[in-house]
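Student: I have a structure here, written as structure tokens, and I will follow up with some questions on it.
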Amino acid sequence: KAVSEAKKGGHLIEFARVFPSPKKRKHLLVSGVLAKNTDTWIKYVFREAYRLSGKTLGGDFQDFLAKVHGKTAKTEILKAETVKELFSRHEALKSSRPLDNKKIIEGIEVLLQIFSKGHMDHRALQSILNILAFNPIAPKAREAKFLVIGLLI
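Sequence positions in the sequence shown follow this note's numbering and run 860 to 1012.
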């Protein structure tokens, strides 16, 4: 019932984005149906909204899934190119000499952009910043590192 109301109201995408608590899922799902993760939840919402009973979801599901995740094929291509450029810039900064504070800080900013786009693990970024914190020739980088850690925590 909630799925059909969301579809009628034009809120189906938003409804599918929100993965409810186990207690709420129990009330929303048909008895015996389990949605243990967001992917299963999104599939369930799609099946209910379009009254599908088989395992095949069809080509429209990929479009629906992309909308739920807030992505389109075009933005994914642009995002990949941008991240590739960021990695190239970071490599260029790393290999340039002398490696002064300005370049180190710019490198940290590039790493933060890569991290914010979801292409770097939190632990990897933390490891890099920890190395910088103990670099005696980069006092300004240490200051930037502590600011960054404050933002991440």
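Note that CB positions come from ideal geometry on N, CA and C, so glycine has one too.
(1) What's the call for Ile-901, buried or exposed, on a 16-neighbour Cβ count within 10 Å?
(2) Give the range of the alpha helix (DSSP H) segment to which Asp-922 is assigned.
(3) Given Gln-972, which residues of its chain have a CB within under 7 angstroms of its CB, disregarding the five upstream and five downstream residues?
(4) Thinking C-beta only, is Val-889 closer than 8 angstroms to Phe-874?
(5) On the DSSP letters alone, give me the boundaries of the alpha helix (DSSP H) that Leu-842 sits inside.
(6) Given a cut-off of 8 angstroms on the beta-carbon distance, is the pair Val-927 and Ile-872 in contact?
(7) Pick out whichever of Glu-965, Val-877, Met-979 and Leu-958 has its Cα sitting closest to the Cα of Gly-929.
(8) Closest to Ile-925 by C-alpha separation, out of Asp-898, Arg-910 and Arg-982, would be which residue?
(9) Can you tell me which of the three DSSP states Pro-881 falls into?
Tutor: Judging by the given coordinates:
(1) buried
(2) 919-927
(3) Only Leu-945 meet the Cβ criterion.
(4) no
(5) The structure shown has nothing for residue 842, since the chain only spans 860 to 1012.
(6) Closer than 8 angstroms, so yes.
(7) Val-877
(8) Correcting the residue identity first, residue 925 is Ala in this sequence and not Ile. That would be Asp-898, whose Cα lies nearest to the Cα of Ala-925.
(9) In the structure shown, Pro-881 sits in a helix (DSSP, three-state: H, G or I).
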